[in-house]
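Written below as structure tokens is the structure these notes are about.
In the numbering used here, the protein residues as written are 302 to 402.
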């Protein structure tokens, strides 16, 4: 299993738009074979940092998801939403290996 961890720097004045975007991707990742662990939005502390984690069975499965997302109409629309509304200022993507019982 591989877990993708994303750290977003977001526009703090557009948190509702980012939250709507996040809800789209939770459903899309799950539909495309992953397991979404949720988005984590600012509450206390920094008002412009958000996180997200989701897992795939392998790095190969994640890479297939990335390839498929480039042509999936709903994914393309979600990417366009972020580009048009500019609520994501930057992001960092890391891959982790979970340790579970």
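Note that the Cβ used here is the ideal one computed from N, Cα and C, for glycine as well.
{"Check": "Can you tell me which of the three DSSP states residue 391 falls into?", "Outcome": "strand"}
{"Check": "Would you call the CB atoms of residue 303 and residue 356 closer than 8 Å?", "Outcome": "yes"}
{"Check": "I need the boundaries of the beta strand (DSSP E) containing residue 354, first residue and last residue.", "Outcome": "350-357"}
{"Check": "Please return the same chain residues whose Cβ sits closer than 7 Å to the Cβ of residue 332, not counting the five positions on each side in sequence.", "Outcome": "none"}
{"Check": "Looking at the structure shown, is residue 310 part of a helix, part of a strand, or coil, going by DSSP?", "Outcome": "strand"}
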